[in-house]
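Counting from 403, one number per residue, gives the positions in the sequence shown under the working numbering.
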Amino acid sequence: MRGNLGAALFQIAIGIFAAAIFTAEGEPRRAFAPADPANPLKYLIPGEEFLPPSIAAQQADDFDNPAYALVETGERAWSAPEGTLGKSCRSCHGSGNRNGVRQAAATYPKYVAGLKEVITLTSRINLCRKGNLGADVLAEDSTPMLAMTAYLRWLARGVPETVDNTGPAAELFERGRTLYQTKQGLLQLSCAQCHHERFGQKFGGDSLSQGHPVAYPAYKLDQQRVITLHERFRMCNALVRGKGQPDGSDDYIALELFLNWRSRNLPVTAPGVRP
Numbered sequence: 403m404r405g406n407l408g409a410a411l412f413q414i415a416i417g418i419f420a421a422a423i424f425t426a427e428g429e430p431r432r433a434f435a436p437a438d439p440a441n442p443l444k445y446l447i448p449g450e451e452f453l454p455p456s457i458a459a460q461q462a463d464d465f466d467n468p469a470y471a472l473v474e475t476g477e478r479a480w481s482a483p484e485g486t487l488g489k490s491c492r493s494c495h496g497s498g499n500r501n502g503v504r505q506a507a508a509t510y511p512k513y514v515a516g517l518k519e520v521i522t523l524t525s526r527i528n529l530c531r532k533g534n535l536g537a538d539v540l541a542e543d544s545t546p547m548l549a550m551t552a553y554l555r556w557l558a559r560g561v562p563e564t565v566d567n568t569g570p571a572a573e574l575f576e577r578g579r580t581l582y583q584t585k586q587g588l589l590q591l592s593c594a595q596c597h598h599e600r601f602g603q604k605f606g607g608d609s610l611s612q613g614h615p616v617a618y619p620a621y622k623l624d625q626q627r628v629i630t631l632h633e634r635f636r637m638c639n640a641l642v643r644g645k646g647q648p649d650g651s652d653d654y655i656a657l658e659l660f661l662n663w664r665s666r667n668l669p670v671t672a673p674g675v676r677p
């Protein structure tokens, strides 16, 4: 009964295909080939293709992107000594064009042998703060953490996603794949139903994208603030009348790993701007 209700409500909520995304032949106007032939998508369409042109242009222009102020905050924090060891991130990694981690953000989540687990970019930042700076860890959704992740993701802008889902990361990856396909909430909808089967259609007032996470963290225009990828997951959970989880939960890390693998070969476009 619940599944039938969800399907009926979904059919009411969606509209026609967003014609601007596709050519007359039905092919996407701007797309990338998947890096892995096992990818369920035939082609990868950047999320910006599903945005109103004015919002896509706002994201692309650092002077107009409302998230860029957070990037600048992160850049300043990168060079500021903090903690008991009197060092900064710059002390170890450099800055500007000589920043040794310019492309690192595109490789997370990743398996770390010393920890025997898959960690996110935010976890790596906190590990470095605690071990190399002698500084306190930051809450995952705090403004200082958002600023640092926005800066590091901005540094990696244009770099293709390159996460590794093999070896010790494979178990968590499969968990993410399962979660992506699992129906959730009162509406009994899965991520795949929206972002694989029906991308380009309408859900409420928004066009459904393919669900690539390459623009996160992103500025949410209707809330006038920057949100994490994991908060975006919670918002999706709420849309299907389901239960969300906190940033950094095992399920959300698994889902992030799967989505970033699914996005491999798409360039990072963070920080994003979303309606």
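By construction, the Cβ of each residue, glycine as well, lies at the ideal position given by its N, Cα and C atoms.
With 16 or more other Cβ atoms from the protein chains shown falling within 10 Å of its own Cβ, Q612 counts as buried. In the DSSP annotation of this structure, the continuous segment of the alpha helix (DSSP H) that includes I527 starts and ends at L523 to C530. Of the other Cβ atoms in all chains shown, 16 or more fall within 10 Å of the Cβ of L523; this residue is therefore buried.
With a beta-carbon spacing of about 32 Å, N667 and P546 fall beyond the 8 Å limit used to define contacts.
By the neighbour-count definition (other C-beta atoms within 10 Å, threshold 16), S544 is an exposed residue. Ranking H632, N639, A617 and D608 by CA distance to the CA of D624 puts D608 first.
Between the alpha carbons of G674 and A515 lies a gap of roughly 31 Å. Note that the C-beta distance between L517 and L574 is not below 8 Å.
With contact defined as three or more Cβ pairs closer than 8 Å, the region 621-636 and the region 473-491 are not in contact.
Secondary structure within the region 477-530: the alpha helix (DSSP H) runs of 4 or more consecutive residues, fully enclosed, are 491-495 and 523-530 (chain order). Setting aside the 5 residues that flank it on each side, V473 is surrounded in the same chain by A552, Y553, W556 and P673, each with a C-beta closer than 7 Å to its C-beta; the list follows chain order. Here H598 is not near G449, since their CB atoms are 8 Å or more apart.
In this structure, V520 lies near P511, with their beta-carbon atoms less than 8 Å apart. In the DSSP assignment, V670 forms a beta bridge with R559.
Distance check between D652 and each of S481, I629, G578 and A471 places G578 closest, using alpha-carbon atoms only.
Note on S481: under 16 other CB atoms within 10 angstroms of its CB, so exposed under the neighbour-count rule. For I655, the enclosing alpha helix (DSSP H) begins and ends at D652 to R664. In the pairwise beta carbon analysis, the region 488-495 is classified as touching the region 531-539: at least three pairs are separated by under 8 Å.
Annotation for Q460: D466, N467, P468 and V675 place their beta carbon closer than 8 Å to its own, counting only its chain and skipping 5 residues before and after. About 6 Å separates the beta carbon of A656 from that of L581, a gap short enough to meet the 8 Å contact definition.
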